[in-house]
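**Student:** Per our numbering, residue 423 is the first one in the sequence shown, and the count goes up by one each step. Sharing a structure with you now.
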Amino acid sequence: MGFAPVEEPKLVLLVVIDEPQGNNYGGVVAAPIFKSIMEKVLPYLNVHPRGTMFVTNELDSAPQKEALGTQPLIEEVKVGKGAGMVVMPDLTGLSMRNALSRMEGRGLIIKVSGNGKVVEQVPRPGTVIEKGDFCYLKFHSPS
Numbered sequence: 423m424g425f426a427p428v429e430e431p432k433l434v435l436l437v438v439i440d441e442p443q444g445n446n447y448g449g450v451v452a453a454p455i456f457k458s459i460m461e462k463v464l465p466y467l468n469v470h471p472r473g474t475m476f477v478t479n480e481l482d483s484a485p486q487k488e489a490l491g492t493q494p495l496i497e498e499v500k501v502g503k504g505a506g507m508v509v510m511p512d513l514t515g516l517s518m519r520n521a522l523s524r525m526e527g528r529g530l531i532i533k534v535s536g537n538g539k540v541v542e543q544v545p546r547p548g549t550v551i552e553k554g555d556f557c558y559l560k561f562h563s564p565s
């Protein structure tokens, strides 16, 4: 499921694949379909792309926590493009939508885990980093 544009969503799209063959991760199976549909529909709503933002389900060295009946979700989000230096903003307390919107156009690769509001971020706010560097955002929903 996804929405666009990030700032003021006009369209929500849910792609459901019944009995996927091979890889069962949404980033591999449903994401290409989602992208194809959005690329065709958004121009009709007068919404045009401003950069690159995509999510994959590549699991690697980010911290993971086992939950009964679920698999941990860690997503890599590439936001923006270009070269140069960037100051990491304070994203604490922001929703995923607002945090990713603030990061758009900074040219960073964002790894996210969890859902809810930002409770942790690496590098810390105010840190100067290069475009293309990795950042980690941990989200948590209050119980």
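Even glycine gets a Cβ: it sits at the ideal position worked out from N, Cα and C. All values reported here derive from a predicted model rather than from experimental measurement.
Could you check what DSSP says for Lys-539 in three-state terms: helix, strand or coil?
**Tutor:** In the displayed model, Lys-539 falls within a strand according to three-state DSSP.
**Student:** Just how far apart, CA to CA, sit Asp-512 and Pro-465?
**Tutor:** 33 Å
**Student:** Measuring straight from C-alpha to C-alpha, what distance separates Leu-559 and Glu-526?
**Tutor:** Leu-559 and Glu-526 have their C-alpha atoms spaced approximately 14 Å apart.
**Student:** One question on the structure: do Met-507 and Asn-537 come within less than 8 Å of each other, judged by their Cβ atoms?
**Tutor:** no
**Student:** What first and last residue would you give for the alpha helix (DSSP H) that runs through Glu-461?
**Tutor:** Unbroken alpha helix (DSSP H) run through Glu-461: 453–463.
**Student:** Can you tell me the Cβ-Cβ gap for Val-437 and Ala-426, rounded? I've got them flagged as a contact below 8 Å.
**Tutor:** Going by Cβ atoms, the distance from Val-437 to Ala-426 rounds to 13 Å, so no, they are not a contact pair.
**Student:** With a threshold of 16 other CB atoms inside 10 Å of the CB of Arg-528, please say whether the residue is buried or exposed.
**Tutor:** When all chains shown are included, Arg-528 counts as buried.
**Student:** Where does the unbroken beta strand (DSSP E) through Leu-559 begin, and where does it stop?
**Tutor:** 556–562
**Student:** Identify every residue that forms a DSSP beta bridge with Ala-426.
**Tutor:** Bridge partners of Ala-426: Leu-433.
**Student:** Between Leu-516, Ile-531, Val-509, which lies nearest to Ser-563 when the distance is taken from Cα to Cα?
**Tutor:** It is Leu-516 whose Cα lies nearest to the Cα of Ser-563.
**Student:** Looking at Val-580: is its Cβ nearer than 8 Å to the Cβ of Ser-535?
**Tutor:** In this structure the chain extends from 423 to 565, so residue 580 is not present and cannot be described.
**Student:** Is Val-469 helix, strand or coil when you go by DSSP?
**Tutor:** coil
**Student:** Quick check on the DSSP output: the beta strand (DSSP E) that includes Met-525 runs from which residue to which?
**Tutor:** Per DSSP, Met-525 belongs to no beta strand (DSSP E); it is in the alpha helix (DSSP H), 518–525.
**Student:** For Val-438, which three-state DSSP category applies?
**Tutor:** coil
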